[in-house]
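Asks: Per the working numbering, the very first residue in the sequence shown carries number 16; after that it's consecutive.
One structure, pasted below without further comment.
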Amino acid sequence: MFLRRRSTTNPSDEDLVTRLRAGDRSSLGLLWDRYAHLLFGVAMNYLKDVEAAKDLVMDFFTDLPALAGKHRIRAFRPWVHAVVRNRCLMLLRKAGPHASLMADPVADDDGHLVLREASLQALEAAIAQLPAGQAMCIRHFYLERNSYQQVAGRTGQTVEQVRSHLQNGRRNLRIILERHGHSR
């Protein structure tokens with residue numbers, strides 16, 4: 016008696032977005048059913064924190080009606096994946112350079128912590144062996160999580176020089192670490 020009848024038609028994601036733009040809130044629920052678990056997986060992959068991932072997905076779905084009105088979405092699935100991924104990256108950037116190291120639940124015993132600390136020390140020692148330009152770009156880009164443009168602005172180099180230093184620095188780091196018995 017009180018059961019809802021299921022529709023035999025299954026609207027496409029794009030149809031649901033069109034309905035959402037028109038103010039149909041039920042389409043938001045259908046998109047939630049289809050994508051919440053997938054987007055939670057994407058967020059967990061980047062954030063490695065259950066509560067932060069849940070919050071990010073909830074915030075995304077809260078913002079989705081406004082986003083659907085602002086953006087012309089041709090293919091919903093890749094678009095939604097990109098938006099959530101970018102929100103994760105922005106959150107990690109805001110949290111600071113060591114946030115992903117702190118949130119990583121590797122510390123299940125002291126052995127893992129010792130290995131992680133040894134790896135970080137080996138990486139720091141290897142960075143110190145790089146030429147100054149490469150070391151500076153590696154630190155700004157990877158440790159401080161700056162963009163190419165930000166690194167270029169801070170170092171006074173062009174974006175192309177920054178890319179070159181990063182590429183050469185990564186190659187040289189790999190060589191130095193392998194020479195000292197540290198594999199990837």
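Built from N, CA and C at the ideal position, the CB exists for glycine as well.
How about Leu-106 and Leu-71: are their beta carbons less than 8 Å apart?
Replies: The answer is yes: Cβ separation under 8 Å.
Asks: Hey, is the region 26–35 in contact with the region 58–78, meaning 3+ C-beta pairs nearer than 8 Å?
Replies: Touching, no.
Asks: Restricting to Cα atoms, I'd like to know which of Tyr-157, Arg-49 and Cys-152 is closest to Arg-169.
Replies: Per the Cα distances, Cys-152.
Asks: Could you check whether Arg-92 and Tyr-61 sit closer than 8 Å to each other, using their CB atoms as the reference points?
Replies: No, they are not a contact pair.
Asks: So the candidates are Trp-94, Gln-176 and Ile-190; which of them puts its Cα closest to the Cα of Ala-140?
Replies: For the residues Trp-94, Gln-176 and Ile-190, the minimum Cα distance to Ala-140 belongs to Ile-190.
Asks: If we require 3 or more residues per run, which beta strand (DSSP E) segments fall completely within the region 52–110?
Replies: List check, beta strand (DSSP E) in window: nothing returned.
Asks: Using only the alpha-carbon positions, how far apart do Ala-51 and Thr-24 sit?
Replies: Computed Cα separation, rounded: 21 Å.
Asks: Spatial neighbours of Leu-145 within its chain, please: C-beta separation below 6 Å, excluding the five flanking residues on both sides.
Replies: If we look at Leu-145 and ignore the five residues flanking it on each side, its Cβ neighbours are Gly-184 and Asn-187.
Asks: What residue does the alpha helix (DSSP H) around Gln-172 start on, and which one ends it?
Replies: No alpha helix (DSSP H) contains Gln-172, which DSSP labels as neither H nor E.
Asks: Do you know offhand how far Asp-173's Cα is from His-86's?
Replies: According to the sequence provided, residue 173 is Thr. The question's Asp does not apply to it. Roughly 32 Å between the two C-alpha positions.
Asks: Give me the Cβ distance between Gln-149 and His-195, rounded to the nearest whole Å; I'm assuming they're in contact under 8 Å.
Replies: So it is not a contact: roughly 17 Å between Cβ atoms.
Asks: State the start and end residues of the unbroken alpha helix (DSSP H) segment that holds Asp-30.
Replies: Segment 28–36, the alpha helix (DSSP H) holding Asp-30.
Asks: What separation, rounded to the nearest whole angstrom, lies between the Cα atoms of Arg-178 and Leu-158?
Replies: Each residue's alpha carbon lies about 16 Å from the other.
Asks: Measuring only the C-alpha atoms, how far is Asp-123 from Ser-134?
Replies: No answer about Asp-123 holds up, because its pLDDT of 43 lies below 50 and its placement is not dependable.
Asks: Name the two residues that bound the continuous alpha helix (DSSP H) containing Gln-149.
Replies: From DSSP, the alpha helix (DSSP H) with Gln-149 extends over 147–153.
Asks: Mind checking whether Val-65 and His-96 have CB atoms under 8 Å apart?
Replies: Cβ distance not < 8 Å, so Val-65 and His-96 don't count as in contact.
Asks: What is the DSSP secondary structure of Gly-196, reduced to helix, strand or coil?
Replies: Three-state result, Gly-196: coil.
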